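S.K.: Sharing a structure with you now.
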Amino acid sequence: MKFGFALFATTVLGSGADAFTSNVQRSSRLRLQEKIADELGLPCDDECSLKSFPNLPESVHPGVVTGQAMVDLLEHAKQNGYAIPAVNCVSSSGINACLEAARKNDAPIIIQFSSGGSQFYGGKGLDNKNYAAAIAGAVSGAFHVRTLSEQYGIPVILHTDHCAKKLLPWVDGLLAASERYYEKHGEPLFSSHMIDLSEEPIEENIDICKDYLARMDKIGMLLEMELGITGGEEDGVNNEDVALEDLYSKPEEICQVYDELTPISDKFTIAAAFGNVHGVYSPGNVKLEPKILTRAQAYISEKLGDKAPADKKPVKFVFHGGSGSDVNDIQEAIGYGVIKMNVDTDTQWSYWEGIKNFEEKYHDYLQGQIGNPEGPDKPNKKYYDPRECMRAAEVNTVKRLDQCFADLKCQNILGLGDAKEASNVLEPRRGGLPV
């Protein structure tokens with residue numbers, strides 16, 4: 001009964017009226033839970049109230065975090081030298097693997113959707129005219145994350161990935177959904193959106209981002225903007241032939257973005273280019289220059305003078321295109337203010353590899369509904385049940401994300417104890433096959 005009420009109160013009734021003041025938001029949500037529990041005759045003790053985490057700011061709670069709680073979480077990452085993995089998802093199965101991995105590693109996670117991934121989530125059979133399917137798919141995924149993230153007991157930033165100029169109607173639709181959600185629940189549906197106008201002139205990039213930041217800040221959302229071009233190919237966007245100089249942002253440009261966005265809101269991050277490349281490449285083929293980031297931090301701090309933060313890292317940076325990067329380069333970048341690293345190519349492979357390994361292991365049981373090495377009349381239903389191969393894919397993805405959390409120094413962040421010992425997250429589904 002407690003589980004059912006907590007799920008009902010959280011997903012249907014939402015939060016309190018103030019998305020910008022985390023304590024008000026938390027107490028309003030708890031009062032609402034207590035009121036409905038009393039009306040329904042359900043128990044409502046600590047198990048159905050919002051909890052904070054021993055090692056995180058009090059504003060950060062299980063479930064999707066927005067507004068000041070999100071800012072506090074990202075600042076905690078910067079101050080404590082870790083980055084949060086941001087994993088692209090295209091299905092509920094992928095989302096569940098991410099939530100499972102975060103709980104196992106006692107860590108926060110960022111779950112994000114691209115436009116193409118959102119369309120797939122909504123179903124390729126839907127008409128995507130005016131990005132209708134991509135909007136519906138992302139909203140559906142958002143509710144899936146919101147419904148389950150509190151049950152996993154970990155904080156999640158709910159984000160959307162690259163949105164080029166031609167895709168702005170997609171984000172417009174999602175912003176409208178967040179504004180409607182905010183009217184009812186006091187917080188946006190999504191935590192943040194990325195606007196990627198890196199291929200446009202810098203003045204246009206900044207001007208459009210300023211307009212979006214002003215709109216998003218009203219409902220407690222964060223804007224991620226890209227400066228400079230990430231090479232390679234992702235989600236149908238191909239930058240494999242981009243000029244070398246465009247792969248590296250200049251400190252002066254990063255400072256220009258900071259100067260123009262800060263008066264509007266502090267809820268923004270910058271995906272600066274320092275040689276990052278989307279996709280997977282052989283070791284040594286990705287030439288990262290993380291020191292670009294620390295030069296930018298120093299440049300801006302010098303301009304700020306006494307107003308510079310104590311850590312001399314005024315910018316929260318995002319790392320795109322990390323596949324194939326040396327872990328030492330990744331951790332160096334974290335030391336310069338990277339608080340988020342995108343993960344897509346590697347988890348695409350891990351999901352597929354889990355299915356591939358499952359097929360190889362049970363190949364002779366997957367050639368027909370009836371008949372296998374145990375006999376011509378033996379049924380194979382328990383082998384071709386899609387839950388079996390999908391669970392194998394999830395387990396393999398959790399394993400890959402373990403490495404990602406370790407590389408980003410994002411383990412044992414929440415202070416919930418040894419989640420690896422307390423969890424059965426690598427067990428096969430109940431009644432299922434060994435994986």
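Note that the numbering used here has the sequence shown beginning at 1, numbered continuously upward. The beta-carbon is built from N, C-alpha and C at its ideal position, and this holds for glycine as well. Keep in mind that this is a model prediction, so the values were computed, not measured.
I'd like the ranges of any beta strand (DSSP E) spanning at least 3 consecutive residues and lying wholly in the segment 129-166.
M.R.: Segments of the beta strand (DSSP E) lying fully in the segment 129-166: 155-160.
S.K.: Grab the span of the alpha helix (DSSP H) containing A393 for me, first residue to last.
M.R.: Counting along the chain, the alpha helix (DSSP H) containing A393 begins and ends at 386-407.
S.K.: CB-CB under 7 Å to E179, same chain, minus the five flanking residues each way: which ones, in chain order?
M.R.: Within the same chain, E179 has close Cβ partners I219.
S.K.: Quick check: L304 and G275, are their CB atoms within less than 7 Å of each other?
M.R.: Against a cut-off of 7 Å, the Cβ pair of G275 and L304 comes out as no contact.
S.K.: Taking 8 Å as the limit between beta carbons, can you name the residues of its chain near K210, skipping five residues before and five after?
M.R.: So the qualifying residues of the chain are E260, L261, I264.
S.K.: Quick check on W170: buried or exposed, where buried means 16 or more other Cβ atoms within 10 Å of its Cβ?
M.R.: Buried, because 16 or more other Cβ atoms sit within 10 Å of the Cβ of W170.
S.K.: Would you grab the beta carbon distance between C163 and L401 for me? Rounded to a whole angstrom, and I think it's under 8 Å.
M.R.: Contact doesn't hold; Cβ gap of about 25 Å is too wide.
S.K.: Per the DSSP calculation, V318 is bridged to which residue(s)?
M.R.: Per DSSP, K340.
S.K.: N80: buried (16+ other C-beta within 10 angstroms of its C-beta) or exposed?
M.R.: It counts as exposed.
S.K.: Taking DSSP as the reference, what is the three-state secondary structure of G417?
M.R.: Three-state result, G417: coil.
S.K.: Could you tell me the alpha carbon to alpha carbon distance between F319 and E360, rounded to whole angstroms?
M.R.: Taking the straight line from one Cα to the other gives about 35 Å.
S.K.: Using three-state DSSP, classify P379 as helix, strand or coil.
M.R.: Strand, per DSSP.
S.K.: If you reduce the DSSP assignment to three classes, tell me which class Y258 lands in.
M.R.: Of the three classes helix, strand and coil, the one that applies to Y258 here is helix, per DSSP.
S.K.: Looking at the structure shown, is F190 part of a helix, part of a strand, or coil, going by DSSP?
M.R.: Three-state DSSP puts F190 in coil, outside helix and strand.
S.K.: Among D344, L293, P62, Q331, which has the Cα closest to the Cα of I154?
M.R.: For the residues D344, L293, P62, Q331, the minimum Cα distance to I154 belongs to P62.
S.K.: Which runs of the alpha helix (DSSP H) at least 4 residues long sit entirely within the segment 71-102? Give them in chain order.
M.R.: The segment 71-102 contains no whole alpha helix (DSSP H) run of 4 or more residues.
S.K.: Label A406 either buried or exposed according to how many other C-beta atoms from any shown protein chain fall within 10 Å of its C-beta, with 16 as the threshold for buried.
M.R.: Under this definition A406 is an exposed residue.
S.K.: For the beta strand (DSSP E) holding D371, just list the boundary residues, first then last.
M.R.: The sequence given here has Gly at residue 371, not Asp. Looking at the DSSP string, the run of the beta strand (DSSP E) that includes G371 is 370-372.
S.K.: In this structure, how does DSSP classify G63 when only helix, strand and coil are distinguished?
M.R.: DSSP places G63 in strand when its eight states are reduced to three.
S.K.: For H363, count neighbouring Cβ atoms within 10 angstroms of its own Cβ and tell me buried if that reaches 16, exposed if not.
M.R.: By the 10 Å Cβ count, H363 comes out exposed.
S.K.: What's the call for Q119, buried or exposed, on a 16-neighbour Cβ count within 10 Å?
M.R.: The residue is buried, with at least 16 neighbouring Cβ atoms inside 10 Å.
S.K.: Per the contact definition of three or more C-beta pairs closer than 8 Å, is the segment 123-135 in contact with the segment 70-77?
M.R.: No, the segment 70-77 does not touch the segment 123-135.
S.K.: Going by DSSP, what residue range makes up the beta strand (DSSP E) through I330?
M.R.: Run containing I330: none in the beta strand (DSSP E); it sits in the alpha helix (DSSP H), 327-335.
S.K.: What is the C-beta distance between V87 and T347, in whole angstroms, given that I count them as a contact (C-beta under 8 Å)?
M.R.: The Cβ separation is near 6 Å, so the contact holds.
S.K.: Beta-carbon within less than 8 Å of I370's beta-carbon, same chain only, minus the 5 sequence neighbours each way: which residues are those?
M.R.: Taken in chain order, the residues that qualify are P376, D377, K378, P379, N380.
S.K.: Determine, using beta carbons only, whether A414 and Y82 come nearer to each other than 7 Å.
M.R.: A quick correction: the sequence has Leu, not Ala, at residue 414. Going by C-beta atoms, L414 is not nearer than 7 Å to Y82.
S.K.: With DSSP collapsed to three states, give me the class of Y362.
M.R.: In this structure, Y362 counts as coil in the three-state DSSP scheme.
S.K.: Going by DSSP in three states, N239 sits in which element: helix, strand or coil?
M.R.: With a pLDDT of only 43 at N239, under 50, the local geometry of the prediction cannot be trusted, and the value read off the model is given with reservation. In this structure, N239 counts as strand in the three-state DSSP scheme.
S.K.: CB-CB under 7 Å to Q411, same chain, minus the five flanking residues each way: which ones, in chain order?
M.R.: Within the same chain, Q411 has close Cβ partners N105, D106, A107, F405.
S.K.: Straight-line CA distance for P373 to D172?
M.R.: Their Cα atoms are separated by approximately 55 Å.
S.K.: Can you tell me whether I219 is helix, strand or coil according to DSSP?
M.R.: In this structure, I219 counts as coil in the three-state DSSP scheme.
S.K.: When you compare only the Cα positions, how much space is there between I208 and G324?
M.R.: Using only the alpha carbons, I get a separation of about 32 Å.
S.K.: Taking the straight line between their C-alpha atoms, what separation do you get for P309 and E388?
M.R.: Roughly 51 Å separates the two Cα atoms.
S.K.: Buried or exposed, going by whether 16 or more other CB atoms sit within 10 Å of the CB of Q112?
M.R.: Result: buried.
S.K.: To which residues does DSSP link Q112 through a beta bridge?
M.R.: In the DSSP output, where bridge partners are listed per residue, Q112 has N88, H159.
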